[in-house]
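Residue numbers (the working numbering): 5 to 192.
Using N, Cα and C, we set each Cβ at its ideal position, and we do this for glycine too.
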Amino acid sequence: MDRDGVTRGFDFDKLRREKAVIFSLFRKDPRRTLIAGLYAALGIPDSLEGRFESLSLHMILALRALRGLPAPAEDVAKDLTDAFFRDMDASLREMGVGDTVVPKRMKKVAAAFYGRAQAYDPAFNAKDEAALAEALGRNALGADAPALPLARYALAAAKDLQAVTIDGLLESGPAFPAPEAFTEEGSR
5 MDRDGVTRGF DFDKLRREKA VIFSLFRKDP RRTLIAGLYA ALGIPDSLEG
55 RFESLSLHMI LALRALRGLP APAEDVAKDL TDAFFRDMDA SLREMGVGDT
105 VVPKRMKKVA AAFYGRAQAY DPAFNAKDEA ALAEALGRNA LGADAPALPL
155 ARYALAAAKD LQAVTIDGLL ESGPAFPAPE AFTEEGSR
């Protein structure tokens, strides 16, 4: 409010976003249920790092699916990647990372993401469950033990995504298998 008592520059979009966030707390979001299942069933820690690992894995799976599809798959992959990094940038800023530090952190995020894609690609290409389980154990679980259920899940998702058309992908997005089917008890 200025000296004359008039409020200027009020951000009505911000108010609308805040209301949407508040009201969303009272709605049951099926995606949250799926995400919680992924963490619980496949052992990914429900932490900031675990969420990054889960999101990175699913991004890598979606981008791999887009690789072999006709136009506009390449544009969709670029848009998806851009959106991913914009969201990572926004998340850092929401966590209070200063404007001068965000670019340095984003370089680390990008290096981590592309490093994982490079580490997982040979195992996906060879359908090598053991190699993928080792890489996922190291990255997603932060452990020396292989992440066999997570590797089985990722390989099944990659296989399912190979059958998707660009039209199907654009219409309904990538479909991922139920994580519970890949726990030690429910392994395929």
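Do residue 60 and residue 117 have their beta-carbon atoms positioned less than 7 Å apart in this structure? yes
Indicate whether the contact test is met: 3 or more Cβ pairs, each with one atom in the region 103 to 116 and one in the region 79 to 93, closer than 8 Å. yes
Can you tell me whether DSSP reads residue 131 as helix, strand or coil? coil
Under a Cβ-count criterion, where at least 16 other Cβ atoms within 10 Å of its own Cβ denotes burial, should residue 119 be classed as buried or exposed? exposed
Whole-angstrom Cβ separation of residue 73 and residue 178, contact assumed at under 8 Å? So it is not a contact: roughly 12 Å between Cβ atoms.
Local conformation of residue 92 per DSSP, three classes: helix
Ends of the alpha helix (DSSP H) at residue 153? 152 to 166
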